[in-house]
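Peer 1:
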Amino acid sequence: MSSKNRSMPSLHSDEAAEDFVATANLTRYDLSGFKPMRFEIEPKAAALNMRLPASLLDAVKARAKAKGIPYTRYVRMLLETDVAQAR
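Each residue of the sequence shown is one higher than the last, beginning at 56 in my numbering.
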């Protein structure tokens with residue numbers, strides 16, 4: 056077995072996951088199936104209402120669906136990325 060072909064064990068609790076990450080050599084595991092995870096912690100206190108051409112909204116929804124996220128989150132991510140680049 057190649058050193059990078061180990062599959063991840065099933066971890067049934069947060070404690071088990073914490074222990075595994077703290078003690079395992081993760082370079083020996085195949086992490087190619089993992090996806091980046093984004094946690095939204097900051098509260099959303101403001102709202103935005105905008106009018107768009109239907110074709111643009113459909114395209115945004117299709118891109119969001121391809122990424123597996125709600126289209127409102129996708130729009131927020133686009134805005135956050137653009138604002139971060141401008142800083």
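Glycine included, C-beta positions come from ideal geometry on N, C-alpha and C.
Contact check, ARG61 vs ARG83 under 8 Å by CB: the rounded distance?
Peer 2: 5 Å
Peer 1: Could you check where the alpha helix (DSSP H) with LEU111 kicks off and where it finishes?
Peer 2: 109-122
Peer 1: Please work out which residues of its chain come closer than 7 Å, Cβ to Cβ, to VAL130, disregarding the five sequence neighbours upstream and downstream, and give them in chain order.
Peer 2: VAL115, listed in sequence order.
Peer 1: Rounded to the nearest angstrom, what separates LEU66 and LYS122 at their Cα positions?
Peer 2: 26 Å
Peer 1: If you draw a straight line from the C-alpha of ALA79 to the C-alpha of TYR126, how long is it?
Peer 2: 37 Å
Peer 1: Since PHE75 is in the alpha helix (DSSP H), which residue starts that stretch and which ends it?
Peer 2: Taken as a continuous stretch (DSSP letters only), the alpha helix (DSSP H) holding PHE75 covers 69-78.
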